[in-house]
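Top to bottom, those sequences are chains V and D.
Number 410 in my numbering belongs to position 3 of the first sequence; there are no gaps in the numbering.
Number 11 in my numbering belongs to position 8 of the second sequence; there are no gaps in the numbering.
No residue lacks a Cβ here, since even glycine has one placed at the ideal position from N, Cα and C.
Comments concern the structure below.
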Amino acid sequence: MTDRRFLLLCAGEVLVVAAGNLAAALILQVLILAAFLDDRRGYLVFVPAAALYAAVLAASGTILLPLLALAGALGCGYAALTLQDYRLTLRAGGAA
Amino acid sequence: MIRPTRTTGGVAALALALTVVALLIASPAAALAAGSLALFLLWRGWRFERDLAAVAASLKVNREVDRTILRQGATTTVRVTTTLTPPPGMEVRVRDVPPAVAAGDAPLCRPGETATYTIRLMAPGETTFGGVLLEANDAFFSRDLLVSRLNAPPLRVFPAGTTATGGGRGTGVGETEVDRKATLDGQSIRGFRPYRSGDDPGRIDWKISARHNVLYVREQTGLEGGAPLIVIDLPARDADPETFARFSMAVSGAVEGAIRSRDGCSLLVVTSGEILRFLPETRDLREALQALSGLAPVEPRNPLYRAPGPTVLAARARLPGGSGGQEKTCLARLGGVLTAFARESRSPFSAAIAAALARVEATEVHLYTLITEGDRSHLTQVIHQAKARGMRVVASAPDRAPILPGVDAVEVI
């Protein structure tokens with residue numbers, strides 16, 4: 408991933424922040440991140456998660472609570488990722 | 004665990020900056036951008052793990068080793084070819100992991116390439132390769148995964164010689180000689196015996212066979228006598244693993260040495276009151292090592308409860324005649340009682356040992372044991388039965404082990 412592409416991502420995020428409403432911001436964000444990627448296998452798994460987060464953000468009417476909820480969800484996701492990694496290590500060792 | 008790349012760090016920093024902006028200016032769009040970037044990284048991590056699992060599942064290793072049975076300190080060349088299917092966007096490199104007891108490193112190579120390297124095995128024992136190390140990375144994460152299940156072929160390393168503390172054959176400077184005669188390469192005829200199934204046809208003596216109209220084979224011998232009987236006394240489960248590993252190596256070395264330098268050997272594996280394996284008069288190293296494979300400390304199932312066995316009882320029954328008439332009568336009666344006890348105290352273990360000793364016709368018994376302070380009656384029975392047949396008994400035991408009565412020489416393992 409080149410530095411130039413990362414700078415373009417940063418510029419794209421400025422556009423997202425400058426977007427007038429959440430729906431437009433979501434569409435922009437999905438397009439910018441898709442452009443950021445070379446290989447988009449499984450990208451459709453990410454899009455619903457981002458849309459769900461946008462829906463929660465729109466429904467709550469605040470910023471802090473959705474951010475805290477997202478932090479919790481990310482913590483759970485990280486725990487699941489760690490478990491997946493542990494299982495992979497076991498399988499590679501021939502234990503499972 | 005997966006490691007983030009520089010790009011991931013940048014995206015995470017961007018997400019953090021957007022979070023701060025979102026809180027400062029209360030912008031839902033900034034909060035959305037920050038949260039979706041964090042979700043994006045989580046999704047990439049999940050995808051990386053899934054891709055890596057697919058790579059590990061598709062991995063195939065073809066590892067060829069020049070020699071799989073070799074001596075301690077010897078070198079061998081390893082050729083490894085790995086095949087796998089990396090998903091798009093993921094770069095994978097492979098490094099073979101040599102055995103833990105080997106010196107030498109394998110080069111890092113791409114899938115499909117053949118890596119050739121040399122290792123030197125530094126410690127005796129049965130060992131395997133450590134597996135294959137996958138070094139995978141994509142744009143966002145990297146991870147080193149050790150696939151240790153692909154560790155074939157196993158290597159068997161024999162000791163180069165016992166160290167000075169353990170005694171040995173004196174093959175080099177600093178090693179000590181032990182109380183045993185050397186074996187000569189040249190062998191003479193010790194005697195003849197009837198042919199048995201499995202005997203080498205090359206040992207048939209046709210003149211004697213023709214004279215008696217029965218097949219006879221020559222029994223050859225060095226200075227130590229014929230093929231020795233190696234008795235292995237397996238310790239109980241609470242044996243120290245390190246000591247047992249040394250014990251196993253000593254046994255393997257003795258069997259290999261006996262087969263290479265003499266006319267084969269016989270193997271008898273016993274534990275408390277039980278014969279586990281018996282291999283009479285083998286000259287095939289592979290067969291002997293197969294008989295030794297998988298030996299491990301066992302839970303005693305048939306303890307002899309310190310029974311001395313019929314041979315010891317019979318020896319005790321042979322009392323001196325006595326000087327006076329009354330003393331002579333008393334000793335004769337006592338001898339009769341002890342003889343009756345000896346006759347009645349036969350056990351399946353002692354009968355099996357007697358049959359095994361009769362079958363092998365050895366003149367020397369090498370007894371390997373990790374003797375402890377517990378019940379040693381099975382060893383006593385083996386030793387005394389061997390002595391009763393005129394065999395020389397050499398015990399090999401750890402340093403400071405209790406002395407077994409009746410042995411002719413003791414070697415330290």
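Coil, strand or helix - Phe43 of chain D by DSSP: helix
DSSP bridge partner residues for Lys63 of chain D (one or two, in chain order): D:Thr86
Beta carbon proximity, Gly482 of chain V to chain D, threshold 8 Å: no
Per DSSP, cross-strand counterpart(s) of Arg206 of chain D: Arg206 of chain D pairs with nothing; no bridge assigned.
Selection of the segment 143-154 of chain D by Cβ proximity to chain V, strictly under 9 Å: Phe143, Arg146, Leu148, Leu149, Val150, Ser151, Arg152, Leu153, Asn154
Contact set for Pro102 of chain D: own chain, Cβ-Cβ below 8 Å, skip 5 residues either direction: Ile122, Leu124, Thr130, Thr131, Phe132, Gly133, Leu158
Three-way DSSP call (helix, strand, coil) for Arg362 of chain D in this model: Of the three classes helix, strand and coil, the one that applies to Arg362 of chain D here is helix, per DSSP.
C-beta atoms of Leu270 of chain D and Arg263 of chain D nearer than 8 Å: In this structure, the beta-carbon distance from Leu270 of chain D to Arg263 of chain D does not fall below 8 Å.
Opening and closing residue of the beta strand (DSSP E) in which Pro283 of chain D lies: Its beta strand (DSSP E) spans residues 277-285.
Helix, strand or coil at Leu443 of chain D according to DSSP, with G and I counted as helix: Here chain D has residues from 4 to 416 only, and residue 443 of chain D is not among them.
Cβ neighbour criterion (16 or more within 10 Å) applied to Ala418 of chain V: exposed
Neighbour list for Ile470 of chain V in chain D, Cβ cutoff strictly below 7 Å: Chain D residues near Ile470 of chain V: Ala25, Leu26, Ala29, Pro31, Ala34.
Identity of the residues DSSP links to Thr121 of chain D by a beta bridge: D:Thr80
Sub-8 Å separation of Thr274 of chain D and Leu373 of chain D beta-carbons: no
Minimum Cβ-Cβ distance from Gly169 of chain D to chain V less than 8 Å: The predicted model places Gly169 of chain D with a pLDDT of 41, which falls under 50 and marks its position as unreliable; any figure quoted below should be read in that light. No, Gly169 of chain D does not count as interfacial toward chain V.
Gln436 of chain V burial status per 10 Å Cβ neighbour count (16 or more: buried): Gln436 of chain V comes out buried.
Rounded separation between Pro231 of chain D and Ala365 of chain D - CA only: Spanning the two alpha carbons is a distance of roughly 5 Å.
Interface flag, Ala486 of chain V vs chain D, CB-CB below 8 Å: no
Of the residues D:Pro197, D:Asp203, D:Pro323, the one placed nearest Val214 of chain D, counting alpha carbons only: Checking the displayed sequence, the identity of residue 214 of chain D turns out to be Arg instead of Val. Of D:Pro197, D:Asp203, D:Pro323, the residue nearest in Cα terms is D:Pro197.
Under 7 Å (Cβ pairs) to chain V, residues found in the segment 41-73 of chain D: For the segment 41-73 of chain D, the set of positions with a beta-carbon nearer than 7 Å to some beta-carbon of chain V reads Ala41, Leu42, Phe43, Leu45, Trp46, Gly48, Trp49, Arg50, Glu52, Leu55, Ala56, Ala59 in chain order.
For Asp287 of chain D and Met4 of chain D, the rounded distance between their alpha carbons: 49 Å
Nearest neighbour of Pro408 of chain D, chosen from D:His387, D:Ala400, D:Ser399, D:Gly393 [CA to CA]: Per the Cα distances, D:His387.
CA nearest to the CA of Phe352 of chain D, picked from D:Pro313, D:Val396, D:Asp241, D:Gly338: D:Pro313
Selection from D:Glu414, D:Ala126, D:Arg379 that minimises the alpha carbon distance to Val396 of chain D: D:Glu414
CB contact check: Thr2 of chain D to chain V, cutoff 8 Å: With chain D covering 4 to 416 only, the question about residue 2 of chain D has no answer from this structure.
From D:Gly12, D:Ala299, D:Ala126, residue whose alpha carbon lies closest to that of Ile72 of chain D: D:Ala126
Members of the segment 114-137 of chain D that neighbour chain V once the beta carbon cut-off is set at 7 Å: none
Helix, strand or coil at Val234 of chain D according to DSSP, with G and I counted as helix: strand
Cross-chain neighbours of Ser39 of chain D in chain V, by beta carbon under 7 Å: Gln436, Ala457, Tyr460
Cβ neighbour criterion (16 or more within 10 Å) applied to Asp492 of chain V: Buried is the call here.
Straight-line gap, Leu519 of chain V to Pro244 of chain D (C-alpha atoms, nearest Å): The structure shown does not extend to residue 519 of chain V, since chain V is modelled only from 408 to 503, so the question has no answer here.
Where Glu94 of chain D sits in the DSSP three-state scheme: strand
Residue from D:Arg74, D:Lys390, D:Val97, D:Thr342 with nearest C-alpha to Val104 of chain D: D:Arg74
6 Å Cβ shell around Gly92 of chain D - same chain, five flanking residues per side excluded: Asp141
C-beta contact flag for Thr84 of chain D and Asn65 of chain D at 8 Å: Taking 8 Å as the cut-off, the Cβ atoms of Thr84 of chain D and Asn65 of chain D count as close.
Bridge partner(s) assigned by DSSP for Phe144 of chain D: D:Pro7
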